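Trainee: This is the structure, below, for whatever I ask next.
2 protein chains.
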Amino acid sequence: MVRSPSARLGRKGPSNKVPAEESPRASARSTGSVTLGDVAKLAGVSPITVSRVLNRPELVTADTLEAVRRAIVQTGYVPNLLAGGLASSRTKLVAAIIPTLGNAMFIDTIQPLNDCLSAAGYQLMLGLSGFPTTCEEDLLKAILSRRPDAIVLTGVNHSSESRQRLQAARIPVVETWDLTEKPIDMLVGFSHEKIGEAVADYLTGRGYRRFALVCAEDERARIRRRSFLAALARQGAACLATVDVPTPTTVRMGREGLARLLSDGHRPEAIFCSSDVLAQGVLAEAQSRGLTVPADLAVMGFADLDFAAYTFPSLSTVHVDRAAMGRRAAEILLARLAGRAVEEKRIDIGFAIVERAST
Amino acid sequence: MVRSPSARLGRKGPSNKVPAEESPRASARSTGSVTLGDVAKLAGVSPITVSRVLNRPELVTADTLEAVRRAIVQTGYVPNLLAGGLASSRTKLVAAIIPTLGNAMFIDTIQPLNDCLSAAGYQLMLGLSGFPTTCEEDLLKAILSRRPDAIVLTGVNHSSESRQRLQAARIPVVETWDLTEKPIDMLVGFSHEKIGEAVADYLTGRGYRRFALVCAEDERARIRRRSFLAALARQGAACLATVDVPTPTTVRMGREGLARLLSDGHRPEAIFCSSDVLAQGVLAEAQSRGLTVPADLAVMGFADLDFAAYTFPSLSTVHVDRAAMGRRAAEILLARLAGRAVEEKRIDIGFAIVERAST
DNA sequence: ATGAAAGCGCTAACAG
DNA sequence: CTGTTAGCGCTTTCAT
Chain X
8 MVRSPSARLG
18 RKGPSNKVPA
28 EESPRASARS
38 TGSVTLGDVA
48 KLAGVSPITV
58 SRVLNRPELV
68 TADTLEAVRR
78 AIVQTGYVPN
88 LLAGGLASSR
98 TKLVAAIIPT
108 LGNAMFIDTI
118 QPLNDCLSAA
128 GYQLMLGLSG
138 FPTTCEEDLL
148 KAILSRRPDA
158 IVLTGVNHSS
168 ESRQRLQAAR
178 IPVVETWDLT
188 EKPIDMLVGF
198 SHEKIGEAVA
208 DYLTGRGYRR
218 FALVCAEDER
228 ARIRRRSFLA
238 ALARQGAACL
248 ATVDVPTPTT
258 VRMGREGLAR
268 LLSDGHRPEA
278 IFCSSDVLAQ
288 GVLAEAQSRG
298 LTVPADLAVM
308 GFADLDFAAY
318 TFPSLSTVHV
328 DRAAMGRRAA
338 EILLARLAGR
348 AVEEKRIDIG
358 FAIVERAST
Chain A
8 MVRSPSARLG
18 RKGPSNKVPA
28 EESPRASARS
38 TGSVTLGDVA
48 KLAGVSPITV
58 SRVLNRPELV
68 TADTLEAVRR
78 AIVQTGYVPN
88 LLAGGLASSR
98 TKLVAAIIPT
108 LGNAMFIDTI
118 QPLNDCLSAA
128 GYQLMLGLSG
138 FPTTCEEDLL
148 KAILSRRPDA
158 IVLTGVNHSS
168 ESRQRLQAAR
178 IPVVETWDLT
188 EKPIDMLVGF
198 SHEKIGEAVA
208 DYLTGRGYRR
218 FALVCAEDER
228 ARIRRRSFLA
238 ALARQGAACL
248 ATVDVPTPTT
258 VRMGREGLAR
268 LLSDGHRPEA
278 IFCSSDVLAQ
288 GVLAEAQSRG
298 LTVPADLAVM
308 GFADLDFAAY
318 TFPSLSTVHV
328 DRAAMGRRAA
338 EILLARLAGR
348 AVEEKRIDIG
358 FAIVERAST
């Protein structure tokens, strides 16, 4: 191969846009797309130098850098991260598993997670566990087969098989949206148990005595309910009834929930809903029936979703800083991936009861 | 390598759970995880046979199948799709680009898309284009570097550079959420222009003459607005004012939008909002001011989001079957990927104006 | 600062 | 039906 300065620096040839069709086709299996080697040839350097330009430019002379970059643009080269990942065992991929996209709660965590990761050069790959077609087990297998550099999970209850797979993968793991004594690795969450208790204390403290629940069939919602009921019992207050609704929850389910409670003859003073979405439905139904909130009926939601605060101002709710959860998860993950020591790898982001009923 | 029947079929050895640490470490670069080769050794077959068991089991004897599967379980083998994809040029990955996760509209399309694809053995990789950190250009590069087998786009306006990259990738492309005369490849969408027109006709037909808009700074929302205004002009009706709001839109912005219109002294009879989220805010604000909808003020939304129908029953909206869009996109994509001929590769899913104001 | 050689883990293509 | 051979495109390691 000629290495005259002109070729090396790629200074001329207004028309050598694409590497000339190499004589007898290099390989019968080639995919047709531009490779490192093609760029290298055009720039008059070896493939490894092109690799360095892309990954460790500080190790390369300014001249070479320039020439290679020009060749990259000329050829329209797009690196093949499959090959790169295979060779280096680093994919720049982080996977996150959430139950569904249908619930704004999880998305509020995923957005900042994605933001932080992509700012650091990582790509987020989402897996949805709430589908009948793919059980969590298979989903994890599918994800691990792409060899992500790290993985973010929703919740802390995983099958022992899943835990084994995760351990075997030897990558950083962050569990979110809950707390546990025995995390797989890192953890950013809050206590659902304490929330149930706090809500019970809050409502009984305001004088309410007759309660009802509208609760999603969700693991964590169930924890909140259990501790809520336990605390109520301690206070001598009564839970008249519970309406269970499937996930993902909708506003409609909330409406129907209140309708059912009332038609069943219950007259609760306050209703604790397992999410703001359900609470929204309860409020809509209350309004359509001419009930005043919170005078006739107090409503407590969960999550503090943005839309809820601006639709019915009479909704009190449990605020959880979901965005912070995503950010902090990204932080500790990135620290670990960068080889930095992670000071605090078990984070409780807490919660707060937000009073809006007085508005 | 010994190939006694017992070894070959892997029938014994209760304790040979993990391939015995091979004498001098096979390679200094091994990543430590179980490979096809490890499974092959345990099962007493060649690596390619294990590959067949995984990908074309119909080509393998029942006995061999059995033995290999046992070995796979024993070793906890997880295939490396980086290697597989590199070797076969098929990654079983489909990428989709949407503006944001913050808008339920797009998610309603993505959910069924993901569902269909994963049922067919493909994994969906999401890219968010609405971020300041990654412009659409870079996002596309990042995505293509993972060599997806196909790609789904939101919208039909892409930079010429993007179009070139997509063309160069030589993979199936589906554009969604809009129509165009010159799609890159396949297309599933609906006409925003016709929607604006239809809404204008609908509202003027009901006798409204004084209008206002609350419109997101979104390309497609702008198209709807333009044709809406044009149609109004033809009818001799007046648009008093437009409130522009940034994306992603929130209920709050809708509230503030109506507040602004009123405080500016406008008294529209009907407001056309660029999404149900904004409409929700307008309705909430109207209610808090004691305005009756639609008697005092008619409100038209867009998208027909599920929560909107059950919160304020007085919202009329433009229904778009977003789920069908996702499903059909998956259909034509999968057909193409399976090598089947795609009969209808340009699909208009239409829309419908939903009257709910009378409830 | 740059290059040559070797191989990451898998599958295509061809034998047998 | 199963195995052998030869890469896929990149990065690591070690020379120079």
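Chains as they are written, first to last, in the numbering used here: chain X, 8 to 366; chain A, 8 to 366. Just so it is clear, CB atoms sit at the ideal spot from N, CA and C, and this is done for glycine as well. Note that the coordinates shown come from a computational prediction; the quantities given were computed from them, not determined experimentally.
Given that a residue counts as buried once 16 or more other Cβ atoms are within 10 Å of its Cβ, and exposed if not, what is A:Pro155?
Mentor: Counting the other CB atoms within 10 Å of its CB gives A:Pro155 a total of 16 or more, which places it among the buried residues.
Trainee: With burial defined as no fewer than 16 other Cβ atoms inside 10 Å of the residue's Cβ, what is the status of A:Met132: buried or exposed?
Mentor: Burial of A:Met132 is indicated by the presence of at least 16 other C-beta atoms within 10 angstroms of its C-beta.
Trainee: Taking the alpha carbon of A:Gly203 as the point to measure from, which residue in A:Leu146, A:Leu340, A:Ile230, A:Arg177 has its own alpha carbon closest?
Mentor: A:Ile230
Trainee: Whose Cβ in chain A lies nearer than 8 Å to the Cβ of X:Ser96?
Mentor: Thr38
Trainee: Going by the CB atoms, is the gap between A:Ser40 and A:Ala47 shorter than 8 Å?
Mentor: no
Trainee: Tell me which residues share the same chain as X:Tyr84 and place their Cβ nearer than 6 Å to its Cβ, disregarding the 5 neighbours each side in the sequence.
Mentor: Spatial neighbours of X:Tyr84 in its own chain (CB-CB distance under 6 Å, excluding positions within 5 residues in sequence) are listed in chain order as Val41, Val46.
Trainee: Spell out the partners DSSP gives A:Thr3 in its beta bridges.
Mentor: Outside the shown range of chain A (8 to 366) lies residue 3 of chain A, about which nothing can therefore be said.
Trainee: For X:Ala286, which residues from the same chain have a beta carbon less than 6 Å from its beta carbon, with the 5 sequence-adjacent residues on both sides left out?
Mentor: Excluding its 5 nearest sequence neighbours in each direction, X:Ala286 has C-beta neighbours in its own chain below 6 Å: Cys280, Val306, Gly308, Leu322, listed in chain order.
Trainee: Can you name the residues of chain A whose CB is closer than 9 Å to the CB of X:Val258?
Mentor: Asp313, Phe314, Ala315, Ala316, Tyr317, Thr318
Trainee: How is the beta strand (DSSP E) around X:Phe235 delimited, first residue to last?
Mentor: Careful: X:Phe235 lies outside any beta strand (DSSP E), inside the alpha helix (DSSP H) at 226-242.
Trainee: Any idea what DSSP makes of A:Arg353, helix, strand or coil?
Mentor: If DSSP states are grouped into helix, strand and coil, A:Arg353 belongs with the strands.
Trainee: Please report whether the beta-carbon of X:Pro64 lies at a distance below 8 Å from any beta-carbon of chain A.
Mentor: no
Trainee: Determine which residues share a DSSP beta bridge with A:Cys246 and list them.
Mentor: A:Phe218
Trainee: Note the first and the last residue of the continuous alpha helix (DSSP H) segment covering A:Glu204.
Mentor: 199-212
Trainee: In the DSSP assignment, what residue or residues form a beta bridge with X:Glu182?
Mentor: X:Leu160, X:Leu194
Trainee: Could you check whether the Cβ of X:Ile114 sits closer than 8 Å to any Cβ belonging to chain A?
Mentor: yes
Trainee: Should A:Phe197 and A:Phe358 be called a contact, given that it needs their Cβ atoms to be closer than 8 Å?
Mentor: yes
Trainee: Just to make sure I have the definition right: I need the residues of chain X whose C-beta is within less than 9 Å of the C-beta of A:Ile191. Which are they?
Mentor: The CB of A:Ile191 never comes closer than 9 Å to any CB in chain X; the least such distance is about 16 Å.
Trainee: Do you know offhand how far A:Leu151's Cα is from X:Ala238's?
Mentor: Taking C-alpha positions only, A:Leu151 is separated from X:Ala238 by approximately 54 Å.
Trainee: Within its chain, find whatever has a CB closer than 8 Å to the CB of A:Leu341; leave out the 5 residues flanking it on each side and keep chain order.
Mentor: Cys123, Leu124, Ala127, Tyr129
Trainee: What do you get for X:Thr71, buried or exposed, if any count of 16 or more other CB atoms within 10 angstroms of its CB means buried?
Mentor: buried
Trainee: Does the stretch 311-327 of chain A come close enough to the stretch 266-285 of chain A that 3 or more CB-CB pairs lie under 8 Å?
Mentor: Short answer: they touch.
Trainee: Below 7 Å CB to CB, which residues in the same chain sit around X:Asp208 once its five sequence neighbours on both sides are set aside?
Mentor: Here the set comprises Ala238.
Trainee: Determine, using beta carbons only, whether A:Gly333 and A:Pro119 come nearer to each other than 8 Å.
Mentor: yes
Trainee: Is the separation between the beta-carbon of A:Pro86 and that of A:Leu66 shorter than 8 Å?
Mentor: At least 8 Å separates the beta-carbon of A:Pro86 from that of A:Leu66.
Trainee: Please classify X:Ile55 as buried or exposed, where buried requires at least 16 neighbouring CB atoms within 10 angstroms.
Mentor: exposed
Trainee: What does the alpha-carbon distance come out to for the pair A:Ala337 and A:Ser167?
Mentor: 25 Å
Trainee: What's the gap between the Cα of X:Leu194 and the Cα of X:Ala176?
Mentor: 18 Å
Trainee: Would you list, in chain order, the members of the stretch 250-275 of chain A that have their beta-carbon closer than 7 Å to a beta-carbon of chain X?
Mentor: Thr257, Val258, Arg259, Arg262
Trainee: Measure the CB-CB distance between X:Val289 and X:Arg267 and report whether it falls below 8 Å.
Mentor: no
Trainee: One question on the structure: do A:Asp185 and A:Val159 come within less than 8 Å of each other, judged by their Cβ atoms?
Mentor: The Cβ-Cβ distance between A:Asp185 and A:Val159 does not fall below 8 Å.
Trainee: Distance, Cα to Cα, A:Asp192 vs A:Lys352?
Mentor: 8 Å
Trainee: Below 6 Å CB to CB, which residues in the same chain sit around X:Arg32 once its five sequence neighbours on both sides are set aside?
Mentor: Low per-residue confidence applies at X:Arg32: pLDDT is 39, beneath 50, and the placement is therefore not dependable, though the value from the model is reported in the following sentence. Result list for X:Arg32: empty, nothing under 6 Å.
Trainee: How many angstroms separate the CA atom of X:Arg216 from the CA atom of X:Val258?
Mentor: 26 Å
Trainee: What are the partner residues of X:Gln130, as DSSP defines its beta bridges?
Mentor: X:Leu100
Trainee: Let me check one thing: in DSSP terms, what residues is X:Ile278 bridge-paired to?
Mentor: X:Ala219, X:Val306
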